[in-house]
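*Asks:* The opening position of the sequence shown corresponds to residue 1 in the UniProt record's numbering, with each subsequent residue numbered one higher.
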Amino acid sequence: MAAMDDEARPLEHKLVSEEPPEIRAGFITKVYGILTAQLLLTAAIAAPLVLNSAIKDWVKAHGMPLVILATLLNIGLLFAMMCPCGCEKNMRTFPTNYILLGCFTATEGFLVGVCCVQYTLSSVLLAVVCTGVLVGGLTAYAFFTKTDFTGFGPYLFAACLVLMIFGLFAMLFPFPLMHKVYCCLGILVFSFYLIFDTQLIVGKGQCSLTVDDYVFGALQLYLDIIQLFLYILSLLGNRE
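(1) Do you know whose CA, among L77, L41, F104, C115, lies nearest G237's CA?
(2) State the DSSP-derived secondary structure class of residue 290, mapped to helix, strand or coil.
(3) Going by C-alpha distance, which of V162, L200, S234 is nearest C180?
(4) Throw me the rounded Cβ distance for the I201 and V135 pair, which I believe falls under 8 angstroms.
(5) In angstroms, rounded to a whole number, what distance separates the CA positions of L228 and T147?
(6) Per DSSP, R239 forms a beta bridge with which residues?
(7) Out of curiosity, what's the CA-to-CA distance linking M178 and A170?
(8) Would you decide whether G217 is buried or exposed? Buried here means 16 or more other CB atoms lie within 10 Å of its CB.
(9) Report yes or no: do three or more beta-carbon pairs, one from the stretch 195-210 and one from the stretch 75-90, lie closer than 8 angstroms?
(10) Just how far apart, CA to CA, sit A3 and L15?
(11) By DSSP's criteria, L40 is part of a beta bridge. Which residues make up the other side?
(12) Between the stretch 74-82 and the stretch 91-107, can you find at least three pairs of beta-carbon atoms closer than 8 angstroms?
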């Protein structure tokens, strides 16, 4: 019966963990290829805001309407990609998935750039390097550890809620120590999320993505990395 069920399941809905090594390797390569393109697009959009003093000054003085528009578009696109009421099929439909992901990445790149203009260039570069080292180390750990983190989803969701509540307190009581603790908690939570999402993509735990979830997998890793970068920048950065 199990064999019949496995044969009856469409190929595109098979779990990555059930696929042979060559298909699994192709899926992982596709996910990280998309992720690389996202990070390059983000850097290409954010860099002019950080490196060009005229653009930086204009964004600081007049950029708020664009920030609001980009934020609303960002939320709408994320909803269109991940809403559990049926919109998630957009992430499995070509070319809709790439169009939505590209637009979301563009708006996210602008918002990241706006965050970066508040800090010195050396602080931004330091955050980039620290994020790269941290992501590389966590990814290697997720690939090679024998510990299965894919069952930790509910706990990570609860940790996110706690982080949001703590963030509200940090806004109401803006003490330097409170801010540092909040940033450290954010780095910790999204470090675990990066390990969790990496193992979902690799398919080495009790839970796994399906082979047609390559865009979703790339989006998850991208969000983890961006959040890590922003928390590290906020923790270590010097404001202009």
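In this text, a Cβ means the ideal position worked out from N, Cα and C, and glycines have one as well.
*Replies:* Considering the structure as presented:
(1) Here residue 237 refers to the residue found at position 237 when the sequence shown is read from its first residue. Among L77, L41, F104, C115, the Cα nearest to that of G237 belongs to C115.
(2) Because the chain in this structure spans residues 1 to 240, residue 290 falls outside the shown range and cannot be described.
(3) If you number the sequence shown from 1, residue 180 lands on position 180. As written in the sequence, residue 180 is Lys, which differs from the Cys given in the question. Comparing Cα-Cα distances from K180 to each of V162, L200, S234, the minimum goes to S234.
(4) As a first step, residue 201 is located in the sequence shown; it is residue number 201 there, counting from the start. As a first step, residue 135 is located in the sequence shown; it is residue number 135 there, counting from the start. Their Cβ separation, rounded to whole angstroms, is 14 angstroms, which puts I201 and V135 out of contact at 8 angstroms.
(5) For this step, residue 228 is matched to residue 228 along the sequence shown. For this step, residue 147 is matched to residue 147 along the sequence shown. So the two alpha carbons sit approximately 22 angstroms from each other.
(6) Here residue 239 refers to the residue found at position 239 of the sequence shown. In the DSSP output, where bridge partners are listed per residue, R239 has Y119.
(7) Position 178 of the sequence shown, counting from 1, holds the residue named residue 178. Position 170 of the sequence shown, counting from 1, holds the residue named residue 170. Cα-Cα distance, rounded: 6 angstroms.
(8) By 1-based counting over the sequence shown, the position of residue 217 is 217. Classification for G217: buried.
(9) no
(10) To locate residue 3, count along the sequence shown from 1; it is residue 3. To locate residue 15, count along the sequence shown from 1; it is residue 15. In this prediction, A3 scores a pLDDT of 41, lower than 50, which makes its location untrustworthy; the coordinate-derived value is nonetheless stated afterwards. Taking the straight line from one Cα to the other gives about 15 angstroms.
(11) What you label residue 40 is simply residue 40 of the sequence shown in a count that begins at 1. Paired residue(s): none; L40 is not in a bridge.
(12) yes
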